[in-house]
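Residue numbers (the working numbering): 1139 to 1592.
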Amino acid sequence: MLNYTEKEVANRKALVINPAKTCQPVGAMYAALGVHGCLPHSHGSQGCCAFHRMFLTRHFKDPAMAASSSFTEGASVFGGGSNLKTAVKNIFDLYDPEIIAVHTTCLSETIGDDLNALITDMTIPEGKYVVHCNTPSYKGSHVDGFTNMVSGFIRYLAKKGPETNEKVCLLPGFVNPGDMREYRRIMNLMKVPFIMLPDTSGVMDTPMTGKFEMYPKGGTLINDIKDVGNCMATIALGLKVSEPSAAVLEKQCDIPYQALPLPIGIEATDKFVMALQDISKDEVPYALEEERGQLVDIMVDIHPYTFGKKVAIYGDPDTVLGIASFALELGMIPKYVLTGTPGAAFEERARELFEKFGMEGCMAKEAGDLYLLHQWIKNEKVDLLIGGTHGKFIARAEDIPFVRMGFPIIDRYVHSYMPLVGYKGAMRMAELVSNALLDYRDRTCEEKDMEMVL
Ligand code: SF4
């Protein structure tokens, strides 16, 4: 790979090389899988749907069920309306879901199919539902697709009744099923009744039973989605991914919301726990206090190895900022933070974080790609790389220790069962980071025939 100057790198506008993102429908499909009895439906050609399912299956190692409008040349010319009508009838006849969640693709967006009108004109069986969201993939990323699908469920289903249900609507953000289980554990410990939308635990992390379940046990119930209209408040985790959906619910059902960063690391988890305490008015249980204390103890233990180490972090905006924040808490320098997802707020939030910790010379980029990150690293090397699978080529080329966190991780296992959020998630991150740094130290000692330190 050539070594370009920063100016040359900044001037590259027309071409993306190794994008740190994927297309909107991947996120929409993932969000739809987090609703119980839901069959996601890709309104486009079969290839799109196959790609999105494959992408999710490779990360979660569980089947991602979805249907397609199966566009051919005819639909490209005359529109996909009749394909969608036939698809919805066939899906209810053959696969009997409770709800179909339709998302669009590049082709149907380019044709200009009016999904609102098409769905209104359809015959939908009694007690069943069809919802939709627009996910034009030539803008945004899978993160926006996830947001759009969650907002779509709210728009179609959430209704305000005369009485509050005294619950909190929890919007979890684009996180793994392991994170959603951790949210649930924390909410229960804090004794805050809630509805989480969506909830992919029990869907994308199912146990092996030897029997195929088209609609696994997990997922947010349709009645619960209707009932989010009666919640007393919303907690939106992830300023990029969840806040827009919280705003939709506020507008539609007059439910106030609090948007927080993903609870990754000490401070962000503290904020989440304090927000819950504000609602419960109860003491924070000792179980959580103890975990926090254990985490601080671990951070002190590994501090000699993490302090002053430069790290490059890439992936989804809320996840990257969460990991960067924890890296700063570990005394590390988040030299480069990069997301492929467009949105100027990412760079602003990163700069605020750098300023808060007195960091100078750190760089942040929204709508960036891994080629750019590689160029930055060539110009000034880092001690650690954190992100999804595709960064492993940079790590190998530059001989940098590498920790896989975020989405997608397609060449490792178990990650989707383990949380990054909460104090427990931070403990796991501390373990991964310190192990990677110490493994690298041991390996370089071996290569240089130096005595290994224990
Ligand atoms: S055509 Fe568009 S929607 Fe389909 S896979 Fe490609 S980017 Fe995604």
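The beta carbon of each residue, even a glycine, is placed where N, CA and C say it ideally should be.
Cβ-Cβ separation, residue j to residue i (assumed contact under 8 Å), whole Å
i     : j     : result
G1356 : T1338 : 7 Å
I1402 : G1563 : 7 Å
L1398 : I1373 : 7 Å
F1464 : H1197 : Not quite, the Cβ-Cβ distance comes to about 22 Å (not below 8 Å), so this is no contact.
M1287 : A1170 : 6 Å
N1261 : C1186 : Reading the sequence as shown, one finds Thr at residue 1261 and not Asn. So it is not a contact: roughly 26 Å between Cβ atoms.
Y1561 : R1430 : 5 Å
G1217 : D1251 : 6 Å
G1526 : I1547 : 6 Å
M1437 : L1468 : 6 Å
L1359 : L1309 : Their Cβ separation, rounded to whole angstroms, is 16 Å, which puts L1359 and L1309 out of contact at 8 Å.
A1239 : C1161 : In fact, because the Cβ distance is near 17 Å, the residues do not count as touching under 8 Å.
Residue interval of the beta strand (DSSP E) (run including residue i)
i     : result
H1241 : I1237 to T1242
Y1443 : First-last for Y1443: Y1424 to T1444, but that is the alpha helix (DSSP H), not the beta strand (DSSP E).
K1473 : I1471 to T1477
C1271 : Y1267 to C1271
Y1555 : That residue, Y1555, is in no beta strand (DSSP E); it is neither H nor E in DSSP.
M1287 : It is not in any beta strand (DSSP E) - M1287 instead sits in the alpha helix (DSSP H) that spans H1280 to L1295.
M1325 : First-last for M1325: P1315 to L1327, but that is the alpha helix (DSSP H), not the beta strand (DSSP E).
G1453 : K1448 to G1453
Per DSSP, the bridge partner or partners of residue i
i     : result
D1507 : P1157
T1372 : C1307 and Y1395
R1542 : G1525
S1418 : Its beta-bridge partners do not exist; DSSP assigns none.
A1205 : H1179
A1502 : V1475
F1332 : V1306
Rounded C-alpha distance that separates residue i from residue j
i     : j     : result
I1515 : G1299 : 55 Å
V1306 : V1330 : 7 Å
K1378 : K1473 : 22 Å
K1266 : Y1294 : 12 Å
F1189 : G1172 : 19 Å
V1269 : L1335 : 15 Å
R1350 : D1200 : It should be pointed out that residue 1350 corresponds to Phe in this sequence rather than to Arg. The alpha-carbon atoms of F1350 and D1200 are separated by roughly 11 Å.
T1444 : V1154 : 32 Å
N1272 : H1441 : 46 Å
I1292 : E1236 : 16 Å
G1453 : G1499 : 20 Å
F1484 : A1502 : 8 Å
D1521 : E1569 : 16 Å
I1532 : I1249 : 39 Å
N1228 : M1543 : 39 Å
M1192 : K1223 : 25 Å
V1449 : L1245 : 39 Å
D1365 : R1534 : 49 Å
L1232 : K1519 : 55 Å
Y1555 : G1316 : 4 Å
D1549 : L1491 : 31 Å
Residue range of the alpha helix (DSSP H) that includes residue i
i     : result
K1519 : Counting along the chain, K1519 falls outside any alpha helix (DSSP H), and DSSP gives it neither H nor E.
Y1168 : Q1162 to L1171
Y1578 : G1560 to E1585
A1225 : G1219 to L1232
S1275 : Where S1275 is concerned, there is no enclosing alpha helix (DSSP H), given that its DSSP letter is neither H nor E.
D1537 : Where D1537 is concerned, there is no enclosing alpha helix (DSSP H), given that its DSSP letter is neither H nor E.
D1362 : I1360 to D1365
T1195 : Q1184 to F1198
V1341 : First-last for V1341: undefined, no H or E at that position.
R1676 : Because the chain here runs from 1139 to 1592, residue 1676 falls outside it and cannot be looked at.
A1482 : Neither: A1482 is in no alpha helix (DSSP H) and is coded neither H nor E.
V1591 : Unbroken run through V1591: none, as it is neither H nor E.
S1380 : Premise fails: S1380 is in no alpha helix (DSSP H) and is neither H nor E.
E1211 : E1211 to F1216
I1257 : L1253 to T1258
Any non-hydrogen atom of the ligand HEM within 7 Å of residue i CB
i     : result
S1214 : With respect to the ligand HEM, the structure shown offers nothing to examine, as its ligands consist of the ligand SF4.
When the Cβ atoms of the region 1409–1424 are set against those of the region 1383–1390, are three or more pairs found closer than 8 Å? With a cut-off of 8 Å on Cβ pairs, the region 1409–1424 is not in contact with the region 1383–1390, counting fewer than three such pairs.
Determine, using beta-carbon pairs with one atom in the region 1276–1296 and one in the region 1472–1490, whether at least three such pairs fall under 8 Å. yes
Assess contact between the region 1201–1211 and the region 1169–1184, defined as three or more Cβ pairs (one per stretch) separated by less than 8 Å. Is contact present? Using a Cβ-Cβ distance cut-off of 8 Å, the region 1201–1211 and the region 1169–1184 are in contact, since at least three pairs of beta carbons, one from each stretch, lie closer than that value.
If contact is defined by three or more beta carbon pairs under 8 Å, each pair taking one atom from either stretch, is the region 1580–1588 in contact with the region 1338–1348? no
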